[in-house]
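Residue numbers (the numbering used here), protein chains in the order written: chain A, 47 to 495; chain B, 8 to 55. Glycine is no exception: its CB is placed at the ideal position from the N, C-alpha and C atoms. Only a predicted model underlies this, so the values are computations on that prediction, with no experimental measurement involved. Single-structure report; data block below.
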Amino acid sequence: MSPPIAPVGWSRWLVPPAALSIHLSIGQAYAWSVFKPPLEDALGLSGTQSALPFQLGIVMLGLSAAFGGTLVERRGPRWAMTVALVCFSSGFLLSALGAATGQFWLIVFGYGFVGGIGLGIGYISPVSTLIKWFPDRPGMATGIAIMGFGGGALIASPWSAQMLESFGSDTSGIALAFLVHGLSYAVFMLLGVLLVRVPRPRAEERADGRATAPAGPRVSARQALRTPQFWLLWVVLCTNVTAGIGILEKAAPMITDFFADTSTPVSATAAAGFVALLSAANMAGRIGWSSTSDLIGRKNIYRVYLGAGVLMYALIAVAGSSSKPLFVLCALVILSFYGGGFATIPAYLKDLFGTYQVGAIHGRLLTAWSTAGVLGPLIVNWIADRQEEAGKHGAELYGTSLLIMMGLLVIGFAANELVRPVHPSHHLDAVTPEKGAPDVRRHQQSESA
Amino acid sequence: MSDDTSSQSPPEVKDRRPLIVFTWLWVGTPLAYGLYELFRKATQLFTD
């Protein structure tokens with residue numbers, strides 16, 4: 047399947063809906079918890095077991111994004127979106143079969159393994175294409191798509207819950223719900239497959255095969271791993287995500303504990319409302335902050351995420367329990383920075399490494415997300431448990447966690463400060479054949495070998 | 008010569024606006040539903 051080239055007059059505003067149809071679908075992964083209680087009751091599973099399909103799915107997301115990125119760059123967005131559609135929908139269909147026959151391993155394999163490949167390939171599928179269509183506003187373009195990943199859970203959560211209510215929570219009801227999910231997402235994602243186009247190529251190579259000087263850096267995915275910039279951004283993303291997850295993971299018990307000993311305690315319903323509000327901030331940050339980065343620059347916006355993030359955490363630690371509006375406001379800002387960090391990173395990569403294999407480089411960088419996904423909850427939960435054992439309660443349970451999060455953000459801030467433009471020796475053009483002229487095609491062949 | 012001139016005229020560009028509206032509605036409608044449900048839930052923070 048060759049990359050579909052846009053015909054003359056094709057509007058670039060048709061590309062974000064193509065990307066959104068994929069990201070709004072695969073974002074369903076974050077609404078997996080809706081299926082957990084019915085699965086536990088119907089198949090006699092523990093909470094840990096019912097989380098397995100989701101956990102394997104996230105592991106496969108990271109692995110397929112990291113290892114499939116170069117293939118996505120080579121085969122193009124339509125191929126990648128087709129793979130995402132087939133894998134993600136098949137995952138649900140296999141899960142339907144697993145639920146109908148009472149075979150939980152089939153749900154883990156279907157949703158987690160097969161569906162997880164769809165998550166990873168789908169996540170990176172539109173990134174490179176969007177950046178090429180919107181070279182003037184790459185932050186906004188990737189922000190729209192990555193906002194869709196957050197939006198996917200908002201759609202799936204009430205939708206799946208309503209479906210389970212209608213079909214019933216026994217094995218046949220769950221199987222039917224999985225079946226409807228698989229078929230619906232296949233139809234919804236098909237729009238992206240049919241709609242996506244790559245921009246018409248610029249004449250970058252001369253008739254004799256020698257390249258003219260390309261605009262901006264051109265660094266391959268393999269070469270990017272050898273640069274300090276890649277690893278500095280890995281640290282930046284990892285610390286920013288860890289800090290965000292630190293709040294997200296314990297949001298409901300945290301707000302309850304912070305105001306447990308005050309005259310205005312927070313009820314379980316209000317805590318659920320707080321979690322919903324955090325999701326909104328996460329989504330708004332993805333499009334809002336990422337678009338802002340087009341105006342103030344990528345390095346500056348990460349200074350805001352990481353520097354102001356420290357300030358927000360400090361405010362929660364010092365005065366959070368004295369004022370509910372202050373606590374909520376600081377948490378919302380932190381979550382908006384968390385979303386913004388995700389959405390701005392592709393544009394930052396584009397600035398440093400160019401558009402040549404930016405999707406593949408982004409895929410490799412997502413391993414920072416996987417690491418943070420383990421690190422963030424581990425820190426907050428482990429410390430809260432130890433503090434509880436030590437007889438502490440209320441806001442005191444989180445004091446050490448907040449300090450660690452601030453420390454992580456400071457490390458991220460320092461890593462961002464160290465980011466410099468990539469040395470030209472890493473650029474594709476640095477591989478020079480006889481007479482010193484760049485031979486892009488030869489280098490591309492060696493990279494893809 | 009006149010043939011050459013006519014073959015060089017720019018190709019007719021299709022109006023993509025209906026397609027743009029349709030595709031944005033395709034993705035915007037479920038997103039609006041998700042946001043509506045989200046804000047319904049979020050208001051519980053202030054009403055409870």
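Exposure of residue i, with buried meaning 16 or more beta-carbon neighbours within 10 Å
i        : result
Ser266/A : buried
Pro484/A : The pLDDT assigned to Pro484/A is 40, lower than 50, so where the model puts this residue is not dependable, and the model offers no usable value.
Gln208/A : exposed
Glu211/A : exposed
Lys4/B   : Residue 4/B lies beyond the residue range present for chain B, which begins at 8 and ends at 55; the question has no answer from this structure.
Leu341/A : exposed
Thr30/B  : buried
Asp397/A : buried
Asp303/A : buried
His469/A : exposed
Arg272/A : exposed
Gly437/A : exposed
Leu464/A : exposed
Val336/A : The identity of residue 336/A in the sequence shown is Ser, whereas the question assumes Val. Buried is the call here.
Arg24/B  : exposed
Ser471/A : exposed
Trp56/A  : buried
Pro348/A : Note that residue 348/A corresponds to Tyr in the displayed sequence, not to Pro. The residue in question, Tyr348/A, is buried, as its Cβ has 16 or more Cβ neighbours within 10 Å.
Ala393/A : buried
Leu324/A : buried
Arg344/A : buried
His69/A  : buried
Leu294/A : buried
Ala148/A : Just to set this straight, residue 148/A is Gly in the shown sequence, not Ala. Gly148/A should be labelled exposed.
Phe459/A : buried
Val374/A : buried
His439/A : exposed
Reduced DSSP category for residue i - H, G, I as helix; E, B as strand; rest coil
i        : result
Val20/B  : coil
Val244/A : strand
Leu324/A : helix
Contacts around residue i, its chain only, beta-carbon distance under 6 Å, and the 5 residues preceding and following it disregarded
i        : result
Ser416/A : Gly108
His227/A : Phe138
Ala409/A : Correcting the residue identity first, residue 409/A is Gly in this sequence and not Ala. Closer than 6 Å at the Cβ level, and outside the excluded window around Gly409/A, lie Ala111, Ala112, Gly115 and Ile170.
Leu89/A  : Phe150
Pro49/A  : Gly122 and Val244
Leu45/B  : none
Phe276/A : Ala270
Ile301/A : Val312, Ala317 and Phe320
Spatial neighbours of residue i in its chain, beta-carbon cut-off 7 Å, leaving aside the 5 residues before and after
i        : result
Gly35/B  : none
Arg246/A : Ile51 and Ala52
Gly41/B  : none
Asp216/A : Ala88
Ala223/A : Ser206, Met209, Leu210 and Phe213
Lys178/A : Val244, Pro245 and Thr401
Ala232/A : Leu131 and Ser135
Ala146/A : Thr217, Ser218 and Ala221
Ser447/A : Gly292, Ile425, Val426, Ile429 and Ala430
Leu91/A  : Leu85 and Phe150
Test item: CB-CB of residue i and residue j under 9 Å
i        : j        : result
Ser203/A : Ala318/A : no
Ala75/A  : Leu176/A : no
Ala461/A : Leu279/A : yes
Gly158/A : Gln101/A : yes
Ser382/A : Ala327/A : yes
Leu143/A : Leu131/A : no
Gly387/A : Gly238/A : no
Val356/A : Met452/A : yes
Phe320/A : Pro311/A : no
Leu352/A : Thr413/A : no
Asp360/A : Gly445/A : A small correction: the amino acid at residue 360/A is Ala; Asp does not occupy that position in the sequence shown. Against a cut-off of 9 Å, the Cβ pair of Gly445/A and Ala360/A comes out as no contact.
Lys546/A : Ala441/A : With chain A covering only 47 through 495, there is no way to say anything about residue 546/A.
Gly162/A : Val105/A : yes
Val404/A : Val173/A : yes
Ala377/A : Met358/A : yes
Gln51/B  : Ala221/A : no
Leu411/A : Ile380/A : no
Val287/A : Gly422/A : yes
Own chain residues within Cβ distance below 8 Å of residue i, not counting five before or after
i        : result
Val80/A  : Ala202, Ser203, Ser206, Ala207 and Leu210
Ile167/A : Ser110, Ala111, Gly114, Val118, Ala126, Val129, Ala130 and Cys133
Under 8 Å: do the region 329-338 of chain A and the region 178-192 of chain A share three or more Cβ pairs, one atom per stretch?
yes
Determine contact between the region 195-202 of chain A and the region 108-121 of chain A, defined as no fewer than three beta-carbon pairs at a distance below 8 Å.
no
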